[in-house]
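To start, the structure under review is shown below, and the notes come after it.
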Amino acid sequence: MQRTAALITFLLLVQVSYAEPDRAQTQAAMENYFAGEVRGGYVLVGMGTTGLLSGGLLYGLQKDSDLARGMSYPLLGFGLAHVAAGIFVTVSSNKRVDEFGDQIASDPQTFVTAERGRMKGVSMQFTVLEIVEVVLIAGGITTAVLARRADRRQLEGIGYGVALEAALTLGFDIVAGRRAHGYRGDLAGLDVSTALDPAGRPLVMVTHSGAF
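Going left to right, the sequence shown walks through residues 2 to 213 as the numbering used here numbers them.
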């Protein structure tokens, strides 16, 4: 008589010690990321200051040039935005280091779980920004070319200025996006328990199968 093959699976819920992420590794990953963000804030301020100075010079010293006058407007606009963004990034990053440090000290698992979700959103924001910046580059160049054909020098200058500033911002965001991606990789490498029993205690699932 041929034996009938059967598969039996036993799920054993076994209580284990809580698998928290290593506090030192979590703290180091967080501090390393935000140190990069602070440097990025300084870079933004530098970019903005350069844009403001360049725009001011073009506006003030090239009064007879419609092309220079037009180009000065986006340089001044983007410059102001970059300075404001740089200050915000620097201040908020330093503040988050202190806040997140306290969270890691008290509950590293909760921090890592929340930070993974937050950084996923940050990465999505960079993707959207980069798409917008590519569109601005293309739009600026197109505007400049069409304005040149129509002999509208000021509009041509605006197109060049928008394309230039959008290209610089795109380069910055690509670097910042890669830094965020690296931080997400660090967070993904931290050990976080995900299986809990109804009482909130961590569990491990053991599966056994056999054939008879």
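Just so you know, even glycine gets a beta-carbon here, dropped at the ideal spot from N, CA and C.
Check: Within 10 angstroms of the Cβ of SER107, are there 16 or more other Cβ atoms? Answer buried if so, exposed if not.; Outcome: exposed
Check: Using a threshold of 8 angstroms, state whether the C-beta atoms of GLY141 and GLY172 are closer than that.; Outcome: no
Check: Work out the CA separation of VAL163 and LEU59 for me, nearest whole Å.; Outcome: 15 angstroms
Check: Could you give the first and the last residue of the continuous alpha helix (DSSP H) run that contains GLY190?; Outcome: Per DSSP, GLY190 belongs to no alpha helix (DSSP H) and is neither H nor E.
Check: Can you tell me which of LEU191, GLY80, PHE89 puts its alpha carbon nearest to the alpha carbon of THR114?; Outcome: LEU191
Check: Which class does LYS64 belong to by DSSP, given the choice of helix, strand or coil?; Outcome: coil
Check: Hey, would you say MET125 sits closer than 8 angstroms to ALA181, going by beta carbons?; Outcome: no
Check: Write down the C-beta distance between LEU45 and GLY87 rounded to the nearest angstrom, noting that I regard them as a contact closer than 8 angstroms.; Outcome: 3 angstroms
Check: In terms of alpha-carbon separation, which member of ASP174, ILE175, ASN33, ARG150 lies closest to PHE101?; Outcome: ASN33
Check: Within 10 angstroms of the Cβ of LEU12, are there 16 or more other Cβ atoms? Answer buried if so, exposed if not.; Outcome: Low local confidence applies: a pLDDT of 39 at LEU12 is under 50, so the model's placement there is unreliable, with the coordinate-based value given in what follows. Counting Cβ neighbours within 10 Å, LEU12 comes out exposed, since fewer than 16 surround it.
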